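Let me begin by presenting the structure, written as structure tokens, before commenting on it.
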């Protein structure tokens, strides 16, 4: 068997309903030798049995690391960097989590060919379909950071209203084995990876939806009509039972992002400080909304970030902030018609 050119990094935890589709999408790849590195974080729903089935059928391709204890709960948040990247034998690493999948059998080939012919490129990304199990999104909706094939600017990589789909990422394995401390300190794995690859070269975008992101619950503020429309009270718990722990989670996330961008700026001599500041302001605005502080919509400094949402989302948020009583009536009416 040929040595792999691409090492596919897949992390999974309780993905039994989805993992077969992910694995089949890996195995359908053509014209590029690859290996599949899987980290199962102590699944309990039947995922392990499915992985063992595929591993038994394709032992030279599929290599699974089974945990006996859940590593994420022990504080290891960037599982790929800790457990999969060091095992990679390929020249490049491609990412896909166990509940997403690829839908183009030449995805790896297209990305490898580009990176082979552009040695200055440190990462290739592309658009993705959205599979919305709760029907919050249309089947035609895309995660589309850009609308053309081209290199992205530093600003577009650092401060972006639309994130890069995780299952679109490909980058050199050598770089992934020399990640900085701030990558491992961050509670999310994608943004520090984007930043580090920007430090190492260009980031190229392919405007082609070669993967599918599975969304089980609406992440858009357009789903506001399905929520209770209340903000947290003085004790940190709203009438619908929103726990203070949920708010603390988002605040902890924001502090972690501040630390990440601070460390990145230190390593880059503040070359991109303007863009990291912009990214933090967007994050602050979105977290304010998640925590029920809808007055953030009225802040003129947030107009830019509000405009990045869909027109319907923006209108609902403005109504919620300016006329909560009218919003509540509209919401109750909507719910009565959709029961």
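Numbering (this note's numbering), first residue to last: 8 to 346.
Even glycine gets a Cβ: it sits at the ideal position worked out from N, Cα and C.
All of these numbers come straight from a predicted model, not from anything done at the bench.
### Task
Assign residue 344 to one of two classes, buried (16 or more other C-beta atoms within 10 Å of its C-beta) or exposed (fewer than that).
Burial is judged here by how many other beta carbons sit within 10 angstroms of a residue's own beta carbon; residue 344 has fewer than 16 and is exposed.
### Spatially closest choice to residue 286 from 21, 34, 311, 19, by CA coordinates
Ranking 21, 34, 311, 19 by Cα distance to residue 286 puts 311 first.
### Task
Assign residue 31 to buried or exposed, taking buried as 16 or more other Cβ atoms, counted over all protein chains shown, within 10 Å of its Cβ.
By the 10 Å Cβ count, residue 31 comes out exposed.
### Task
Out of 89, 325, 115, state which residue places its alpha-carbon closest to the alpha-carbon of residue 98.
Of the residues 89, 325, 115, the one whose Cα lies closest to the Cα of residue 98 is 115.
### Message
Looking at residue 132: is its Cβ nearer than 8 Å to the Cβ of residue 176?
### Response
Against a cut-off of 8 Å, the Cβ pair of residue 176 and residue 132 comes out as a contact.
### Task
Count the other CB atoms, across all protein chains shown, that sit within 10 Å of the CB of residue 47; report buried if there are 16 or more and exposed otherwise.
Classification of residue 47: buried, given that the 10 Å Cβ count is 16 or more.
### Message
Classify residue 169: buried if its beta carbon has 16 or more other beta carbons within 10 angstroms, exposed otherwise.
### Response
By the neighbour-count rule (16 or more Cβ atoms within 10 Å), residue 169 is not buried but exposed.
### Query
Taking the alpha-carbon positions, what's the residue 217 to residue 129 distance?
Straight-line Cα distance between these residues: approximately 19 Å.
### Query
Is residue 158 helix, strand or coil when you go by DSSP?
In the displayed model, residue 158 falls within a strand according to three-state DSSP.
### Limits of the beta strand (DSSP E) - the one that residue 19 falls within
Residues 13-19.
### Message
Can you look up residue 51 in the DSSP assignment and give me helix, strand or coil?
### Response
Reduced to three states, the DSSP call for residue 51 is coil.
### Task
Label residue 336 either buried or exposed according to how many other C-beta atoms from any shown protein chain fall within 10 Å of its C-beta, with 16 as the threshold for buried.
Under this definition residue 336 is an exposed residue.
### Query
If you compare alpha carbons, which of 106, 101, 95 is closest to residue 220?
If we check each option's Cα against that of residue 220, 106 comes out closest.
### Query
Is it true that the region 198-205 meets the region 320-331, where meeting means three or more beta-carbon pairs spaced less than 8 Å apart?
Contact fails: fewer than three Cβ-Cβ distances are below 8 Å.
### Task
In the DSSP assignment, find the alpha helix (DSSP H) that holds residue 290 and state where it starts and stops.
That run of the alpha helix (DSSP H) goes 280-297.
### Query
Are the Cβ atoms of residue 66 and residue 42 separated by less than 8 Å?
No. Outside cutoff.
### Task
Leaving out five residues on either side along the sequence, give the residues of the same chain with a beta carbon under 7 Å from the beta carbon of residue 325.
For residue 325, where only same-chain residues beyond five positions count, the Cβ hits under 7 Å are 304.
### Query
According to DSSP, what are the bridge partners of residue 108?
Within the DSSP bridge table, the entry for residue 108 names 219 as partners.
### Task
Find out if the Cβ-Cβ distance for the pair residue 155, residue 214 is shorter than 8 Å.
Cβ atoms of residue 155 and residue 214: closer than 8 Å.
#### Entry: DSSP state of residue 140 mapped onto helix, strand, coil
Residue 140 falls in the coil class under three-state DSSP.
### Span separating the alpha-carbon of residue 152 from that of residue 134
Rounded to the nearest angstrom, the two C-alpha atoms are 7 Å apart.
### Cβ neighbours of residue 25 in the same chain (closer than 7 Å, five flanking residues each side left out)
Excluding sequence neighbours, residue 25 sits near 105, 106, 221.
### Inter-residue spacing [alpha-carbon to alpha-carbon] between residue 95 and residue 137
Distance between the alpha carbons of residue 95 and residue 137: 28 Å.
### Query
Mind checking residue 290: buried by the 16 CB within 10 Å criterion, or exposed?
Per the 10 Å Cβ criterion, buried.
### Task
Return the bridge partner residues of residue 153 from the DSSP annotation.
The partner list for residue 153 (beta bridge, DSSP) is empty, contrary to what the question assumes.
### Message
Going by DSSP, what residue range makes up the alpha helix (DSSP H) through residue 26?
### Response
Counting along the chain, the alpha helix (DSSP H) containing residue 26 begins and ends at 26-34.
#### Entry: Beta-carbon proximity list for residue 35, same chain, < 7 Å, skipping 5 on both sides
For residue 35, same chain residues with a beta-carbon under 7 Å away, outside a window of 5 residues either side, are 112 in chain order.
### Query
Can you list, in chain order, the residues of its chain whose CB lies under 7 Å from that of residue 271, leaving out five sequence neighbours each side?
The residues are 189, 202, 283.
### Query
Terminal residues of the continuous beta strand (DSSP E) containing residue 70?
Counted as a single uninterrupted DSSP element, the beta strand (DSSP E) harbouring residue 70 occupies residues 69-73.
#### Entry: residue 180: first and last residue of the uninterrupted alpha helix (DSSP H) it sits in
Residues 180-183.
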